[in-house]
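Take a look at the structure set out below.
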Amino acid sequence: MRPVRTDGHVGGGHLMGKQSVDLEHAKELWDEWEIHCLILVSLFLQVFLFLMADMRRRSGSRALLTVLWLAYLLADTVAIFVLGHLAVYVRGPSHELVFFWAPFVLVHLGGQDNITAFSKQDNELWTRHLLSLVSQVAVAGYVVSKSSWPDIRLRAAMVLMFLRGFLKYAGRTYCLYSASPKNLGASSLDSMASTIWSLVDARAETRRSSDEVDIVESWRKKVRESIEERRFKPMFVPDMCWESVSKSDADRGADEIMSVDAPVSDVEMMIVADELPGLLEEFKNGPDRCTAYEFVAAHLIQSYKYLYTKTPLSDDVSTLYYLIYTPFQYLPTAIALALFAAAEKKSHYSQADIIVSYLLLVGAIVLELLPIFTSILSYTRKPFRPETAIGWAQLYLFNCIVRPLGWQTRKHWSEELAQYSMIRRYASVQEGYHYHACMPALRTWAGKGFFGSWGVELFDLTRTPLTGDLKLLVFDKLLLQASKQEWKLASFRGERALEEWMGSHSVTEPGRSLSYAALHMSVSSSRVDFPTSVLIWHIATDICYFSEDEKGGDIDPDETTKKKKMSRELSLYIMYLVFKCDVMLTRISRLGHKSAHETLKNYISPFQQSPQVDEKEAVKVASEAMKELKRLADPQEDSTPRVAHQDKTNVEAANKDAAATSSSRTEELLQSTEEALSFPVLSHAYAVAQELMAIDEEAARWDVISEVWLEMLFYTAPRCGAAFHYEHLSTGGEFITHVLVLMRNLGPFMPKPGA
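FYI, UniProt numbering numbers position 351 of the sequence shown as 351, with every residue one higher than the one before it.
See the structure below:
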């Protein structure tokens, strides 16, 4: 028998020893190549950001935005990490070339021309980037000072790249400051003050003049010609809409909605309001009138560039920074590459360090030249006829090089509508999807543990393409209101649409209060707040949409089907704006929405076990539940709205002493809050649906529904807030932003501040 060996070379001891050697070897390799890998990762992230940054303007994909967000954060983190490593890097003389990489880290921190900020919050925190600029430039300067290269050409190349990196990083910080909400608000205030003072001066001149009427008329004529030339012609002529943007300062109307929560009507529009119907007459029936959306897209793209790219650097060519920055934008890197190539390196430095240095130089040059190529792409994608030799050259390059490769993007924003349906959450099968049999189980799993309610809501949103028919419906409504000079369009939330329909159908006042009581209550600002009104009409629209209509009598069934589809898309979109983006959403409304969800869940959950419960079936079950709720609630309801204050309580409270008054008011507040929380949204929605279904003709019914949703859309647009429009420019854009810009450019449609 052989003796057992105890020297550690058998069995597990041998394996552990081998693993220890492997780990030691891996650690040595990482120590040797760590800095090389990290600097190349930093370069790769810059390339990735450049290639992907513009896609966020044209896509609302959560996956894309998440990946881009991670890359944006990692790019700065990795660059700062590399610079910190270079500051403490201690190796032999053959590796001294790594100090040459410090200026490239500054170049990477300067970011790409097409992405300075990922979101509005990055612009708000521009002071943090300013502090980072100072600290990282100091660290880079320290790293560079450690080098002791004998070749003057290498030192000159390093100085050039250091200056290039410093100016690029400073340029990014300046862009963040320019696009910060506070700076935008100050600029908007200055612009408004300038306009007001010009009006005051004009009025004073009119008073001093003996020909007061002639001066007023002359001034109005100038304003009219300005609007016609700068707005209406570019808006409706395809070849002019993009050129009008390039030849003028980006339309401040588009910029103002990014900086003012309550935008007001354009002063010029108010001056010529009486003449607008005549100015729009030649355009309102044109076959290409939807070109106005291209005009809006062009101005919003300019706003996007100003807020999220380095466009502010070239906004004013007279600034000292621009005069310094422009020569250093392209020349230093090319000169540095030539100097580096001419310097003596092979006998002094590591071959790997030389290769990485060349990669950094070539990568920097490519990233500086790519914006020129993409600017040619973006310019030649626009519908225009070249007027100069440069324009024809760009068009020729595009047709010869780009078009054969298929690199042509027609969308300027996502052109999609986010859709949120309350009842869709409880359907296991949805129209257009074939994998949703497992959706209830998936939602249940996502709603547990770490994800919570966010996991459930993750599946609530879908997106649908924005159709030309819906664009035309919205635009024609605006043109119609402008031709009638009905400028209070944004002050109604469905009341006027119902009044006009009842007036056109000769519904008398007693009939309105009896047969259509629920309809009137659902849009009345004194009865329900706006989010609750949206919730009621959303559920009622779904009931009407999925109900079997046996009455017939449609004059144009295709047109009715189209109107049904567009009305429901508007319903789901406004639900998304209010309950997912918190537009005008109050705590009471949020709780009412949650309560409605819980009620629906209790009634529909037993049917969810079936894999064949589609959205129509879910609506049918929900409708039966609402019918039962209404039956139970009817005996308890009175003729007064449940959210109204009671006059008797107020009178009694006025007659009590201070302490009693305070107590009474507290009780009144609690009572009104309790009544608002217990407001029967579902039963009221069912009542509204029944009154709508009582309309004999389906076409007439959907005319009413679509008109109400259009009014709600125009009511919502100026009340979304500047932050909403600002943030969503970088996440694919929102249709409501385009609607708001159209409203500002077609007439004085904006509501009065505070309305």
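Even for Gly, the Cβ is constructed at its ideal location relative to N, Cα and C. A quick note: this is a predicted structure, and the numbers were derived from the prediction, not measured.
Cα-Cα separation between residue i and residue j, rounded to whole angstroms
i: V4; j: L29; result: Low per-residue confidence applies at V4: pLDDT is 42, beneath 50, and the placement is therefore not dependable enough to give any value.
i: T649; j: T666; result: Bear in mind that a pLDDT of 43 at T649, under 50, signals an unreliable position, so the model cannot answer this.
i: K563; j: Q419; result: 17 Å
i: L629; j: Q121; result: 45 Å
i: D190; j: K182; result: 12 Å
i: P748; j: T737; result: 16 Å
i: L361; j: A336; result: 8 Å
i: P312; j: V105; result: 23 Å
i: S119; j: S730; result: 7 Å
i: D266; j: E734; result: 22 Å
i: Y349; j: A722; result: 55 Å
i: Q485; j: K284; result: 14 Å
i: E294; j: L300; result: 10 Å
i: residue 756; j: H108; result: The structure shown has nothing for residue 756, since the chain only spans 1 to 755.
i: S623; j: L74; result: 50 Å
i: P234; j: E344; result: 59 Å
i: V260; j: F492; result: 21 Å
i: E727; j: A179; result: 12 Å
i: L131; j: R155; result: 27 Å
i: I604; j: H597; result: 10 Å
i: E217; j: E499; result: 38 Å
i: L40; j: G185; result: 40 Å
i: S375; j: P557; result: 47 Å
i: L280; j: W219; result: 20 Å
i: L632; j: S504; result: 35 Å
i: Y308; j: G468; result: 29 Å
i: Q112; j: R527; result: 52 Å
i: T462; j: C720; result: 21 Å
i: K594; j: I536; result: 14 Å
i: L473; j: A517; result: 28 Å
i: K146; j: L86; result: 10 Å
Sequence-distant residues of the same chain with beta carbon closer than 6 Å to residue i, five excluded per side
i: W501; result: V704
i: G363; result: L43
i: M270; result: P748
i: H725; result: I257, M258, T737
i: L600; result: A622
i: L276; result: A482, G747
i: R153; result: L339, A342, A343
i: A644; result: The pLDDT assigned to A644 is 36, lower than 50, so where the model puts this residue is not dependable; a value taken from the coordinates is nonetheless given after this. Cβ neighbours of A644 beyond the five flanking positions: none.
Contact set for residue i: own chain, Cβ-Cβ below 7 Å, skip 5 residues either direction
i: V264; result: M750, P753
i: T464; result: E416, L417, Q419, E569
i: D353; result: H95, L97, V98
i: W411; result: One point to set straight first is that residue 411 is Lys, not Trp, in the sequence displayed. Contacts found: R58.
i: G171; result: G110, K310, L313, Y325
i: T195; result: V267
i: M712; result: R493, G494, V534, I574
i: L572; result: Q419, Y420, S421
i: Y89; result: I35, V98
i: V78; result: L38, V41, S42, L45
i: S589; result: D529, P531, T532
i: L519; result: L498, V688, E691
Identified DSSP bridge partners for residue i
i: A418; result: R463
i: Q112; result: I115
Cutoff 8 Å; reference residue i; Cβ partners in own chain excluding five residues on either side
i: residue 798; result: It is not possible to answer for residue 798, since the shown part of the chain is limited to 1 through 755.
i: E368; result: Q329, Y330, T333
i: F48; result: A71
i: M743; result: L478, L489, A490, F714, A717, P718, F749, M750
Supposed close pair residue i, residue j - CB separation, criterion 8 Å
i: D542; j: I423; result: 6 Å
i: residue 756; j: E698; result: Beyond the ends of the chain as shown, which are 1 and 755, falls residue 756; an answer cannot be given.
i: R56; j: L68; result: 6 Å
i: S702; j: T532; result: At residue 702 the sequence reads Trp, which differs from the Ser that was named. Not really, about 23 Å apart at Cβ, beyond 8 Å.
i: L176; j: A117; result: 6 Å
i: F475; j: A292; result: 6 Å
i: C544; j: L692; result: 5 Å
i: S706; j: M566; result: 6 Å
Alpha helix (DSSP H) segments (min. 4 residues) lying fully within the region 675-724: 681-693, 698-716
Let me know the alpha helix (DSSP H) ranges lying completely inside the region 130-194, each 4 residues or longer, listed in chain order. 152-178
Counting only runs that start and end within the region 287-366, where is the alpha helix (DSSP H) found for 4 or more residues in a row? 292-308, 320-325, 327-342
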